[in-house]
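In our numbering, the protein residues as written are 913 to 996.
Each residue gets a CB set at the ideal place from its N, CA and C atoms; glycine is no exception.
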Amino acid sequence: MRLLRIINDTQTHGEEGARADPTRAAHEAGLDVGSERYQAAMAYLIEQAALLADEHTAFDVGDQHPHGYASYFFTRRAVKLLEG
Numbered sequence: 913m914r915l916l917r918i919i920n921d922t923q924t925h926g927e928e929g930a931r932a933d934p935t936r937a938a939h940e941a942g943l944d945v946g947s948e949r950y951q952a953a954m955a956y957l958i959e960q961a962a963l964l965a966d967e968h969t970a971f972d973v974g975d976q977h978p979h980g981y982a983s984y985f986f987t988r989r990a991v992k993l994l995e996g
């Protein structure tokens, strides 16, 4: 949830459909991109449908982007999760 809060505070500002860069937010949150904590946070946010992959930014999977997308869209579900 901390990663989602930072994405919202620094990038999307509660705007459904806004583009989000989780790696940038991870750095701001003090998470190491590619770490188990980062991967777990991303898996949770994707599973909860808080972040939707931007299919136009797909690329070969690597350590820095375990899910293979450079950016994601902030969803209505993300807003609901942040509201509590």
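For residue i, which residues from the same chain have a beta carbon less than 6 Å from its beta carbon, with the 5 sequence-adjacent residues on both sides left out?
{"i": "A953", "result": "L915"}
{"i": "S983", "result": "R931, D933, D966 and T969"}
{"i": "L993", "result": "A962"}
Near residue i, what residues of its chain come up, given a Cβ to Cβ distance below 8 Å and the 5 sequence neighbours on each side ignored?
{"i": "G996", "result": "none"}
{"i": "E940", "result": "I918 and T922"}
Throw me the rounded Cβ distance for the residue i and residue j pair, which I believe falls under 8 Å.
{"i": "T987", "j": "E927", "result": "Wrong, their Cβ atoms sit about 11 Å apart, outside the cutoff."}
{"i": "R949", "j": "L943", "result": "6 Å"}
{"i": "A955", "j": "R989", "result": "Not really, about 15 Å apart at Cβ, beyond 8 Å."}
By the three-class DSSP mapping on this structure, what secondary structure does residue i have?
{"i": "E963", "result": "In the sequence on display, residue 963 carries Leu and not Glu. Here L963 sits in strand by DSSP."}
{"i": "A982", "result": "coil"}
{"i": "A990", "result": "helix"}
{"i": "A998", "result": "Only positions 913 to 996 of the chain appear in the structure, and residue 998 is not among them; the question remains open."}
Apart from the five residues just before and just after residue i, which ones in its own chain have a Cβ nearer than 7 Å to its Cβ?
{"i": "V991", "result": "G926 and E928"}
{"i": "Y981", "result": "A965, D966, T969 and A970"}
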